[in-house]
Amino acid sequence: MFDFMEMDFNAAGKTSQPIGSGPYIPDAAECMRCGMCVGSCPTFRLFQIDEETPRRRIRSISKLLVENQPLSDMEHQHLHNCLQCRACESVCPSRMAYGNLFDQAQAALQTPRNWLAKLAFRVIEQKRRRNRLMPLLGLYLKSGMRKPLRKTGWLKKLRLAEAEALLTPPALTPLKPAYPTAVNRRGSVALFTGCIAEQFDRDTLLASITLLNAIGFEVSVPPRQGCCGAIHQHNGQAAAGLIANNLQVFNALPVDAVIHTASGCGAMLSEYRAEDEQAVQLFSNRLADINEFLLQHWPEDLVLKPVDSSVAVHEPCSQRNLLKNQHAVYALLDKIPGLSVAPLPDNQICCGAGGSYMLSHPENAKALRSLKTQAISASAARMLVSSNFGCMCFLNADPALNEQKFVHPLQLLAASLP
Ligand code: SF4
Ligand code: SF4
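FYI, the numbering for the sequence shown is 337 to 754, going by our numbering.
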């Protein structure tokens with residue numbers, strides 16, 4: 337009898353054409369094991385074994401959730417090697433809701449976390465703790481202690497080396513609660529800043545505010561907002577409290593839209609679920625991606641300054657596979673006269689960042705990042721952009737990147753305003 341499991345998918349990328357139109361079937365047992373997803377999976381590209389494919393992971397999830405069977409250590413390990421990039425969802429003819437199934441499996445497994453992960457979850461949840469930590473981080477980065485401390489080997493022993501390598505100086509003053517527009521007022525929006533963007537991705541947030549003001553929108557930055565909950569949800573932790581907080585904070589505001597700037601957070605926000613379905617509906621109705629919002633409301637008479645340069649666009653998995661709005665980035669960048677815009681080669685493969693994956697699976701993550709760095713070397717572009725803060729951080733920390741650094745596309749747009 338013909339068995340899809342016997343098919344040869346050694347040629348990675350062979351099945352990268354979008355077939356389904358998004359997740360649909362929430363039951364892991366519904367997977368046909370056709371293997372159409374295999375070539376799109378970054379871990380299959382790395383390891384070239386069937387255990388590292390979406391269909392094998394879905395079999396493990398089915399075993400766990402449908403058959404109520406425990407997973408072997410190996411099955412557990414292969415399941416956790418998943419980056420949750422969800423490239424498999426885009427090509428699945430059965431429209432398997434892989435991301436949803438993976439989150440269910442994570443919640444069911446309740447994998448014990450070490451002290452560091454537990455501390456990270458608490459810091460992400462609690463703004464006061466984060467605010468107390470930031471000046472200390474800033475001092476540490478200025479102190480000249482980085483190199484000597486790395487040499488002691490303590491960072492590695494404490495499993496802090498990967499996170500430490502990503503650190504950049506944090507902004508220590510909070511954003512203002514409101515930014516009025518100086519041009520004809522067309523409306524008002526609230527800016528989602530999440531947990532750490534205000535400190536570590538300040539330039540993108542300021543560029544967003546500048547652009548929104550320039551097209552006539554007043555911007556408010558509600559101080560009581562919090563993390564989107566993605567890191568928690570994708571790691572089997574309860575995200576309900578974080579979701580409820582954001583629903584309450586943003587739904588109380590009389591604004592036209594709630595704008596997110598990082599595609600990873602945007603993907604989570606766009607999939608919010610809560611007992612209060614009306615609250616989710618109200619939130620979803622006003623939720624907008626910054627790139628799409630700017631494109632939709634761009635005034636015809638707003639002409640940008642020319643830039644004689646070229647840019648390669650990295651398409652984060654959360655943007656490409658979930659929000660599916662990467663076209664808006666190209667359309668916005670095309671508004672800069674003289675700028676040559678092209679996709680980064682191999683955009684369909686995850687850069688390795690994968691939310692917290694870069695910290696939990698550093699070797700796999702770096703192997704994928706070096707594939708991306710090779711793609712960057714093959715591109716003649718002078719500038720690099722990415723719409724996801726996590727990807728930017730991880731890619732910019734690659735020593736092979738030399739002088740070129742990723743910025744959010746909005747920073748190029750804001751710099752080109754007349
Ligand atoms: S997840 Fe979808 S594409 Fe992959 S084997 Fe199952 S049915 Fe086929
Ligand atoms: S989410 Fe990404 S890494 Fe995980 S199984 Fe699907 S394609 Fe592979």
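Ideal Cβ placement from N, Cα and C applies to all residues, glycine included. Given the structure is predicted, the values throughout are model-derived calculations rather than measurements.
Start and end residues, beta strand (DSSP E) containing residue i
i       : result
Glu-554 : 553-556
Leu-675 : 675-679
Ala-526 : 523-528
Leu-623 : 623-625
Ala-289 : For the chain, the structure presents residues 337 to 754; residue 289 sits outside this window and is missing.
His-596 : 593-596
Residues near residue i by beta carbon distance below 6 Å, same chain, minus five either side
i       : result
Ala-717 : Ser-646, Val-647 and Ala-648
Ala-624 : Ala-593 and Ile-595
Arg-560 : Val-585
Leu-502 : Cys-729 and Ala-733
Leu-415 : Arg-393 and Ser-396
Asp-682 : Ala-711
Lys-708 : Cys-687
Thr-379 : Glu-388 and Asn-417
Neighbourhood of residue i by C-beta, 7 Å cutoff - its chain only, sequence neighbours within 5 removed
i       : result
Phe-457 : His-568 and Gln-573
Ala-444 : Leu-400 and Leu-401
Gly-474 : Pro-505, Pro-506 and Leu-508
Met-470 : Pro-506, Leu-508 and Gln-535
Range of the contiguous alpha helix (DSSP H) that encloses residue i
i       : result
Leu-401 : 390-401
Ile-579 : 576-587
Ala-328 : No information on residue 328 is available, as it lies outside the stretch 337 to 754 that the chain covers here.
Trp-490 : 490-493
Heavy atom of ligand 2 within 7 Å of residue i beta-carbon
i       : result
Ser-376 : yes
Gln-413 : no
Ala-423 : yes
Cys-418 : yes
Tyr-434 : yes
Check: residue i C-beta below 7 Å from any heavy atom of ligand 1
i       : result
Ile-755 : Since the first residue shown for the chain is 337 and the last is 754, residue 755 is missing from the structure and cannot be characterised.
Cys-428 : yes
Gly-371 : yes
Cys-727 : no
Met-604 : no
Pro-390 : yes
Met-470 : no
Own chain residues within Cβ distance below 8 Å of residue i, not counting five before or after
i       : result
Leu-631 : Ala-664, Ala-667 and Leu-668
Glu-342 : Because the pLDDT of Glu-342 is 40, which lies under 50, any placement of that residue in the model is unreliable, and the question is left without a value.
DSSP three-state assignment for residue i, whether helix, strand or coil
i       : result
Leu-503 : coil
Val-643 : coil
Val-427 : helix
Met-432 : strand
*At least 3 beta-carbon pairs within less than 8 Å: the segment 487-500 vs the segment 514-525*: no
_Under 8 Å: do the segment 683-691 and the segment 415-426 share three or more Cβ pairs, one atom per stretch?_
yes
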